[in-house]
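Student: Please find one structure pasted underneath; my questions will follow.
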Amino acid sequence: MESTEILKKINHIFATVLENREILLSRETIITNIKGWDSFSNIRLIMSMEKNFELKFNTFEIQSCKNIGDLCDTIQRKQP
Amino acid sequence: MNSQLKILLIKALKFIVILAILDIGLGMGVRMLFFTQHSGKFFRMNRSFTKANADIFIFGSSRSNHHYHPEILNDELNLKSYNVGAQGQQILFQTTVQKIILNRVKPKLVILDVSPEWMYKSTEANDNLSELRPFYFRYPEIIGPVLAVQSQLQKFWLNSRIYQYNSTIVHIIYYRLKPQIDVDGYVPLFYTMTPRDSRSQILDDSLKNLNGKPKSIDTIYENALTSFLQNARSRNINVVMVYSPDYSGAKAVGNPSAERINAIGRAMEIPVIDYSDDPYFRNHPEMFNDIHHLNDQGAKEFSRQITQRLKAYL
Amino acid sequence: MYFNTTQYILFLPLVVILFYLTPFRFRWLLLLAASYYFYVCWRAEFMVVIIFSTMVNYFSAILIARNKTNKRNKKIFLTIALVINLGMLIILKYLGFINDFFHEIFGIIPAPTSPLLYLIAPVGLSYFTLQSLTYVFDTYYNLREPEKHPGIFALYVAFFPLILSGPIEQSTHLLPQFRDKARAKLKSVNIEEGIKLIIWGYFLKLVVADRTSIYVDAVFGNVDRHGGITFIAALILYSFQIYSDFAGYSCIAIGSARLMGFDVLHNFNRPYFSQSISEFWTRWHISLSTWLRNYLFNPLSYYFMRKLQKERYLKIIKPELLTYAIAASITFLMCGIWHGANFTFIIWGSLHGFYLIVDRIINKKGGNRVLNIIITYILVLFAWIFFRSENVHQSLTVIKAILTHPGSLYIPFDSDVVAPVYAVLGIFILLMVEVKREFFNNSFSLSGNKNEYIRMASYGFMIFLILYLGVFDASQFMYVKF
């Protein structure tokens, strides 16, 4: 999958889980600053992404993602 | 020179100037506010320093303040008396204010109302010395050394005109709203202690003693007491020590601190009148406001009794 | 040395001046020496613990990094490091408590008489242990390379502004700053910001915290004598006491670091304006809650989330909710334990965990802002009962009094009556400033004004308030006990 496609999919996931249709993410968006993000929605976001991209994150990967760009790159790396 | 350093030094200079202006300006304001008081402990202190003129001065803590009725002394002895008692203040305070007052007037008699535990080191009593801070600017040589007992750095902070009035505002506001009655320094109490009151207060006291640190005699206090007595002596002023009535059972004997006080009294041939365990007051609890203080009725009775004893020293 | 002593007021400027005079290469040495001196002023014996802890973590990180590719070895070294760090913490802080507990519950182990069981925990132990663990974890999670320079690492562990009571820094945030040459240049804005923070810290400590403690201690020192109204008054004062004591300390710590150009994580963000307990924990003791979230809550929730996803029978409860509940319970239980060796802290922590889970289940959004703030404040206040009480029995006495007999407001005897009035005055000033910052932040600012004279006058006025209203005998910062 191309990184722009990944970004679009991530945007959709965040919009659904955080119940915010207007959300627009860019590579620079810092995850913890996103409106509605907290430690609970975090769990649901990760579950949703794992389901949608059919992969499993490990703790290193989650801890090291500070912004959406990091997230996209990680997902792209893990693509089969 | 590094440009940032230059900026910093200029800023620092500006800041110091602003601080100095604020300290002097606001300092004048708080000082004025302080000296416009018309009642309360600071007002009484100021009056005793600057105006009070009497033949008999009574020094001591809150017990002195609430126990000696000047009008009764005046009537019985035909001499003007003035009550300089101050709540929470022990010997260091007494010696200091005595110095200030005796620099200005020469009474015939000085009474020092003492409490048995006065020779024990007390951080509370030392902390209360801070009430002298507002008067530091007037009597620096007398008050400075005493404040240093509290902590050495008082010297530094006292340069601030604002710090001199630290912790005075609540008092000022309170006595503006609820003026305190006093008769030549004497402050009457009007409550009558009930048996329940005395029981619970005695219990509180003993709990405090159990939980408190072991008591030790403070040589600075001993020296201060000697100083006090000496100051009066050297000016040919009669001086008498009195243990006024107490309902808590704190006796003037069998107590190392009181023994020291008595010993100093004996050594300097100063009479000590002991009412701490007086049977009359023990049997009249209604004369007490609380276990350590007489109420107005008790004060009048005590003043009557004490004047009879004082006649011998005038 | 405590922050509110002349010693510190002389020590800090001296260190700052020496800092800027020292060539960059040797600054770590100066700061390390200053930090060790600062620590030794407490008790020389404590040095052993800090140096031991430093060495353990220094070598653990290097060994972990060397085994980057070998997952099994990596885990072993991490585990060893964790065991030693936490083991030290447990033995030095909790052994007496654990011994008492087993003695009471099981009757085994003879009554605690050995003084060894009540070793005095080195001051700051709970803080620098966590701060060091961020380093070990971050190396393990490949977030950073280990710090090869032992002196700089030792400085990270013992850095004097933070050593006593935090803020608990992150190795990815603070450690690089010690190597940052650009940051180390003298900038007057750093000096000004640092001084501003320190002044505000002293205001919080000397004008608010120290005044409130007298009344609170008097009430809680005599629990059987007071009624509900008194306890509510004392609790409200206590909520401000603990906030201003700790936030004041943190401000002085952050300000001190800032004087030397270091940027330290903030610890408080006007917590009592939170609209939910969830928000409260993003505003209260931020460095600790961040630590707990990164190293305890997140790993726990990922672990349970995966495990529970597979369970088919969870029809009623959503797996993510159950995950949250388990992770939050464990995390806040640990949070409570970290604060002290007493059941009251455990109850306090668990109570907050419970609040969060219930909040999550109810999942209400929006509502009146002021009402939310009041409700959240009341919940926090209730939890403070346990935090402040000496034991569980006392807490229950307090709660019973509040619910069953209000009594009349306790007014202290003689000179003690003045302190609470000053406390209320101080709290009033504090609230004025915080309300302005929280709700009217965009309007005219005094201390943030563009005009430097107005700014400086506002700092001067703050100093005036401290000199006029503050308490000037050295009393202890509360959070140092942890």
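Residue numbers (our numbering), protein chains in the order written: chain A, 1350 to 1429; chain B, 235 to 548; chain C, 105 to 586.
Every residue gets a Cβ at the ideal spot worked out from N, C-alpha and C, and that includes glycine.
In the DSSP output, what is B:N280 paired with across the bridge?
Tutor: Looking at the DSSP assignment, B:N280 forms no beta bridge with any residue, so it has no partner.
Student: If you reduce the DSSP assignment to three classes, tell me which class C:S547 lands in.
Tutor: Residue state, collapsed to three classes: coil.
Student: Please go through the same chain and pick out, in chain order, the residues whose beta-carbon is closer than 8 Å to the beta-carbon of C:F586, but skip the five residues on each side of it.
Tutor: Unreliable placement is indicated for C:F586, whose pLDDT of 46 sits below 50; the coordinate value is still reported in the next sentence. Excluding residues within five positions, the ones whose Cβ falls inside 8 Å are S230, Y231, S269, W442, H443 and G444.
Student: With H, G and I counted as helix, E and B as strand and the rest as coil, what does DSSP make of B:N549?
Tutor: With chain B covering 235 to 548 only, the question about residue 549 of chain B has no answer from this structure.
Student: Touching or not, the segment 302-317 of chain B and the segment 403-421 of chain B, by the rule of three or more beta carbon pairs under 8 Å?
Tutor: Cβ pair count under 8 Å is three or more, so yes.
Student: Taking just the CA atoms, how far does B:D524 sit from B:D257?
Tutor: Near 42 Å, if we compare the C-alpha coordinates of B:D524 and B:D257.
Student: Can you tell me where the beta strand (DSSP E) holding C:F335 begins and where it ends?
Tutor: Premise fails: C:F335 lies in the alpha helix (DSSP H), G332 to L363, not in any beta strand (DSSP E).
Student: Hey, is C:M566's beta-carbon within less than 8 Å of any beta-carbon in chain A?
Tutor: Not closer than 8 Å to any Cβ of chain A, the Cβ of C:M566 fails to qualify, so no.
Student: Write down every uninterrupted run of the beta strand (DSSP E) in the segment 260-347 of chain B whose length is 3 residues or greater and which is fully enclosed by it, in chain order.
Tutor: As far as the segment 260-347 of chain B is concerned, its whole beta strand (DSSP E) runs of at least 3 residues are 290-293, 315-317 and 343-347.
Student: Which residues does DSSP list as the beta-bridge partners of B:L528?
Tutor: For B:L528, which the question treats as bridged, DSSP gives the partners B:F522.
Student: According to DSSP, is C:V227 part of a helix, a strand, or is it coil?
Tutor: C:V227: coil per DSSP, three-state reduction.
Student: Using a Cβ-Cβ cut-off of less than 8 Å, list which residues of the segment 269-294 of chain C approach chain B; keep chain order.
Tutor: Listed by position along the chain: K289, L290, K291 and S292.
Student: Entirely within the segment 436-511 of chain B and at least 3 residues each: give me those beta strand (DSSP E) ranges in chain order.
Tutor: Correct list: 472-477 and 506-508.
Student: For a quick check, are the C-beta atoms of B:S282 and B:V331 less than 8 Å apart?
Tutor: Against a cut-off of 8 Å, the Cβ pair of B:V331 and B:S282 comes out as a contact.
Student: If I'm right that B:F536 touches B:N529 with Cβ under 8 Å, what's the distance once you round it to whole angstroms?
Tutor: About 10 Å; that fails the 8 Å criterion.
Student: Helix, strand or coil for C:N189, going by three-state DSSP, please let me know.
Tutor: Helix at C:N189.
Student: Can you pull out the residues from the segment 1350-1371 of chain A whose beta carbon lies closer than 8 Å to at least one beta carbon of chain C?
Tutor: The segment 1350-1371 of chain A vs chain C, Cβ under 8 Å: nothing.
Student: If C:R129 sits next to C:A288, beta carbons under 8 Å apart, how far is it from one beta carbon to the other, in whole angstroms?
Tutor: Incorrect: roughly 11 Å between the Cβ atoms, too far for contact.
Student: Give me, in chain order, the residues of the same chain whose beta-carbon lies closer than 7 Å to that of B:N287; leave out the 5 immediate sequence neighbours on both sides.
Tutor: Cβ neighbours of B:N287 beyond the five flanking positions: V339.
Student: When the distance is taken between beta carbons, is B:H527 closer than 8 Å to B:S298?
Tutor: Taking 8 Å as the Cβ cut-off, B:S298 and B:H527 do not qualify as a contacting pair.
Student: What is the rounded straight-line gap between the Cα of C:W304 and the Cα of C:E297?
Tutor: Each residue's Cα considered, the two are about 11 Å apart.
Student: Determine, for C:M560, whether the minimum Cβ-Cβ distance to residues of chain B falls below 8 Å.
Tutor: Closer than 8 Å: yes.
Student: With which residues is A:I1379 paired in a DSSP beta bridge?
Tutor: Partner(s): A:N1416.
Student: Is the Cβ of C:A525 closer than 8 Å to any Cβ of chain B?
Tutor: The question names Ala, but residue 525 of chain C in the sequence shown is Val. Output row for C:V525: interface = yes.
Student: Taking any Cβ of chain B, which residues in the segment 521-553 of chain C have a Cβ under 8 Å from it, in chain order?
Tutor: The segment 521-553 of chain C vs chain B, Cβ under 8 Å: V522, V525, Y526 and L529.
Student: Below 7 Å CB to CB, which residues in the same chain sit around B:L260 once its five sequence neighbours on both sides are set aside?
Tutor: Closer than 7 Å at Cβ, skipping near neighbours: I396.
Student: Between the alpha carbons of B:I325 and B:N362, how many angstroms are there, rounded?
Tutor: Going by the C-alpha atoms only, they are around 11 Å apart.
Student: Going by other Cβ atoms of all chains shown within 10 Å of its Cβ, with 16 needed for buried, is B:L239 buried or exposed?
Tutor: Exposed is the call here.
Student: Mind listing the chain A neighbours of C:E249? Cutoff is C-beta to C-beta under 9 Å, in chain order.
Tutor: Ordered by position in chain A, no residue passes the 9 Å Cβ test against C:E249, which lies about 14 Å from the chain.
Student: State the DSSP-derived secondary structure class of A:T1423, mapped to helix, strand or coil.
Tutor: It is helical.
Student: Kindly indicate which residue of C:S433, C:I478 and C:L475 has the alpha-carbon position closest to the one of C:Y459.
Tutor: The shortest C-alpha separation from C:Y459 is found at C:S433.
Student: For the segment 340-374 of chain C, enumerate the residues whose C-beta is nearer than 8 Å to any C-beta of chain B, in chain order.
Tutor: Listed by position, the residues of the segment 340-374 of chain C near chain B (Cβ gap below 8 Å) amount to none.
Student: Grouping DSSP H, G and I as helix and E and B as strand, with all else coil, what is C:V575?
Tutor: Here C:V575 sits in coil by DSSP.
Student: Any C-beta of chain C sitting closer than 8 Å to the C-beta of B:Q323?
Tutor: False, the Cβ-Cβ gap to chain C never drops below 8 Å.
Student: Quick check on this structure: which residue in B:H518, B:L307 and B:Y408 has the alpha carbon closest to the alpha carbon of B:D480?
Tutor: Selected option, being the one with the closest Cα: B:H518.
Student: Can you tell me the Cα-Cα spacing of C:F142 and A:I1424, whole angstroms?
Tutor: When rounded, the distance between both Cα atoms is 48 Å.
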